[in-house]
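Notes follow the structure.
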Amino acid sequence: MECGIGLSQARDLVEATHEAARQAREALRGAPQGALVVSAGDPIPGAGSIAREVLGCIPVVGGGSAGLITDSGVVSHGVAVVCFRSEEWVVQSACAGSAAVAPVAAADRVARLILSGRPNRRRYPRGVALAFGDGRTAQGVGPFGSRWREIMGPKLKSVVSLVPDAQALYCGAVRDTGPISVLCLEGPGPVGIGVGSGWTPLSLTCTATRTEGSLVHELDGRPAAEVYAEAQPGSTQDPTRFPLGIALPEDQWLIRNVLAIEGTSLRLGADLPAGTEVRVMAASTNGLQHATQDAAVTALKRLEGQAPSAVLVVEGAARRAVQNGSGRREWEMIREQVPAGTPLLGWLTASELVPGGSGPVTLQNGTVTVIAFP
Numbered sequence: 046m047e048c049g050i051g052l053s054q055a056r057d058l059v060e061a062t063h064e065a066a067r068q069a070r071e072a073l074r075g076a077p078q079g080a081l082v083v084s085a086g087d088p089i090p091g092a093g094s095i096a097r098e099v100l101g102c103i104p105v106v107g108g109g110s111a112g113l114i115t116d117s118g119v120v121s122h123g124v125a126v127v128c129f130r131s132e133e134w135v136v137q138s139a140c141a142g143s144a145a146v147a148p149v150a151a152a153d154r155v156a157r158l159i160l161s162g163r164p165n166r167r168r169y170p171r172g173v174a175l176a177f178g179d180g181r182t183a184q185g186v187g188p189f190g191s192r193w194r195e196i197m198g199p200k201l202k203s204v205v206s207l208v209p210d211a212q213a214l215y216c217g218a219v220r221d222t223g224p225i226s227v228l229c230l231e232g233p234g235p236v237g238i239g240v241g242s243g244w245t246p247l248s249l250t251c252t253a254t255r256t257e258g259s260l261v262h263e264l265d266g267r268p269a270a271e272v273y274a275e276a277q278p279g280s281t282q283d284p285t286r287f288p289l290g291i292a293l294p295e296d297q298w299l300i301r302n303v304l305a306i307e308g309t310s311l312r313l314g315a316d317l318p319a320g321t322e323v324r325v326m327a328a329s330t331n332g333l334q335h336a337t338q339d340a341a342v343t344a345l346k347r348l349e350g351q352a353p354s355a356v357l358v359v360e361g362a363a364r365r366a367v368q369n370g371s372g373r374r375e376w377e378m379i380r381e382q383v384p385a386g387t388p389l390l391g392w393l394t395a396s397e398l399v400p401g402g403s404g405p406v407t408l409q410n411g412t413v414t415v416i417a418f419p
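So, in C-alpha cells, the structure goes:
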C-alpha cells in the first residue's frame with residue numbers, strides 16, 4: 046500500500062480541500078485509487094466532489110472532525126486528504142443515501158454496495174473499512190454493528206468516526222450521504238489496528254435503574270447526579286474527566302462520557318439502557334498516554350513485520366481534552382513508535398465505533414485508535 050497525506054489551513058475551506066488534495070497526490074507520486082477527506086471547522090458542502098477535481102473520479106469518503114491532529118498540534122480549521130494506491134488492494138466507497146435512514150437499512154445498503162463491486166468473490170472481504178457516521182448511526186449502533194458484521198464477516202476491521210452534524214459527511218458527488226459513508230480497502234495483507242483507553246474505575250459498581258435514552262435519572266434507585274458526585278474526589282464542575290464505564294471481557298471498558306449534569310440527572314454521550322451496571326471512571330495523564338503507546342505498539346505488531354506506509358489516529362475529543370495540554374506528548378509517543386518519515390495524521394471525534402475484540406464494533410466515547418497500513 047502507498048499512502049500520501051496533505052494538509053491545508055487555508056481560510057477558504059474549498060481552497061484548502063484543493064490544496065490538501067494536491068499535496069496528497071504529490072506525496073503519493075502518482076494517481077490515487079481512493080481518498081479520505083477530513084475537515085475541521087465548518088462543514089464543506091460537496092467536499093468529495095471538490096477533492097475529485099484534483100484527484101480524478103475515484104472513491105472519496107470523509108467527514109468533519111473536532112480537530113485534525115498533526116505534528117504541530119491540533120488544527121481547528123483546515124482540511125486533510127489521505128490518498129491510497131496499491132496494485133494488490135481494491136478501494137471502494139459507498140454511502141447509505143437519503144432513503145436508508147434506519148441503522149440496519151444503512152448497514153445493509155452500504156455493505157451490499159461494496160460487496161457488489163468486488164472483483165474477488167471470496168466469502169468475506171479482508172482489510173479495513175474507514176467510515177464516517179452521524180448521530181443516527183450512534184443511536185442504532187447495536188443493530189448497525191450486528192448487521193454490518195453479518196454481511197461483511199469477521200475479517201474486515203471497521204473504524205467509524207462519528208460526528209454530530211449530519212451535513213459533515215462526504216462521499217464522492219453524493220449530496221445526501223444518509224447516516225454513514227464508508228471507504229473500504231480490501232487486500233491480501235494485514236492492517237494493524239490498536240485501541241487504547243486508559244480509564245480506571247473510581248467507584249463501586251452501581252446499576253442504572255431509570256434512564257431515558259442518553260439521560261440517566263437514577264443510579265441504584267437514587268438521583269444519578271447525587272451518586273455521581275459522591276464517587277468523585279472533588280468538584281463535579283468538569284464531568285468530562287469522570288465518565289461512566291461498563292465492564293467488558295478481558296479487563297476492557299465501554300466508556301460513556303458525562304456531557305452535562307441536568308438537574309439530578311446525567312446526560313451521557315450515548316444511550317444507556319436501564320439495568321446496565323456502571324462505575325464512575327477516572328484517568329491520569331500517565332494512564333492515558335500508556336494506553337496510547339500500547340495501541341500504537343499493537344497496531345504495528347499486527348503488520349507482521351512489515352513497515353507501515355502510513356499511520357492514522359482516531360481519538361475521542363473528550364479523551365484528548367482531559368489531558369490538560371499533554372496531548373502533544375501523547376502524539377510524540379506514537380511518532381516514536383513508527384519509523385522516521387512515516388506519514389502520520391489523526392483527527393478528533395465526538396465518539397467512535399471501534400473493533401470490539403471478536404465481536405462487532407462497539408460505541409466508545411473515550412478511546413484512541415491507531416491504524417497502521419502495510
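Per my numbering, residue 46 is the first one in the sequence shown, and the count goes up by one each step. We treat Cβ as the ideally placed atom computed from N, Cα and C, and that holds for glycine.
Check	Outcome
Going by C-alpha to C-alpha distance, which of Leu289, Leu390 and Thr394 sits closest to Ser117?	Leu390
Can you list, in chain order, the residues of its chain with a C-beta nearer than 6 Å to that of Asp339? Leave out the 5 residues immediately preceding and following it.	Gly241
What is the residue span of the beta strand (DSSP E) that Ala125 lies within?	Gly123 to Arg130
For Lys200, which of helix, strand or coil comes out of DSSP?	coil
Going by Cα to Cα distance, which pick from Gly172, Ala152, Leu160 and Arg168 is closest to Gly178?	Ala152
Does the count of Cβ pairs from the segment 188-204 and the segment 228-245 closer than 8 Å reach three?	yes
Give the straight-line distance between the Cα atoms of Cys102 and Cys140, rounded to the nearest whole angstrom.	16 Å
Please report the residue range of the beta strand (DSSP E) in which Gln78 lies.	Taken as a continuous stretch (DSSP letters only), Gln78 belongs to no beta strand (DSSP E), as it is neither H nor E.
When the Cα of Val124 is compared with those of Ile50, Arg74, Arg181 and Arg192, which residue comes out closest?	Ile50
Am I right that Ser206 and Tyr215 are in contact with their C-beta atoms under 8 Å? What's the rounded C-beta distance?	Not a contact, Cβ separation roughly 12 Å.
Suppose the cutoff is 7 Å on Cβ atoms and the five residues either side in sequence are ignored; what does the same chain contact list for Leu58 look like?	Ser84, Gly86, Asp87, Ile89 and Val124
From Gln297 to Ala92, what distance separates their C-alpha atoms?	37 Å
Taking only three categories from DSSP, how would you classify Pro400?	strand
Assuming Ile95 is part of the alpha helix (DSSP H), what are its boundary residues?	Ala92 to Leu100
With a cut-off of 8 Å, do at least 3 Cβ pairs link the segment 290-310 to the segment 261-269?	yes
Is the segment 346-364 in contact with the segment 376-388, if contact means three or more CB pairs nearer than 8 Å?	yes
Restricting to Cα atoms, I'd like to know which of Cys128, Lys346 and Pro148 is closest to Ala65.	Cys128
Does DSSP classify Met378 as helix, strand or coil?	helix
Do you know whose CA, among Val415, Pro288 and Arg194, lies nearest Leu393's CA?	Val415
Ordered along the chain, which non-local residues of its own chain (more than five positions away) have a Cβ less than 6 Å from that of Pro405?	Gly190, Ser191 and Arg194
Please determine, among Val261, Gly314 and Val149, the residue with the shortest C-alpha to C-alpha distance to Gly320.	Val261
Given this structure, state the Cα-to-Cα distance separating Arg181 from Ala315, to the nearest angstrom.	11 Å
Once you ignore the five residues that flank Ala55 on each side, which residues in its own chain have a CB closer than 7 Å to its CB?	Ala61 and Glu64
Suppose contacts are defined by Cβ-Cβ distances below 7 Å. Is Arg324 in contact with Ser248 by that definition?	yes
For Gly372, which residues of its own chain have a beta-carbon under 6 Å away from its beta-carbon, when the five flanking residues on both sides are left out?	Arg365
If contacts are defined as beta-carbon pairs under 8 Å, then Val126 and Val82 qualify, I think. What distance do you get, rounded to the angstrom?	5 Å
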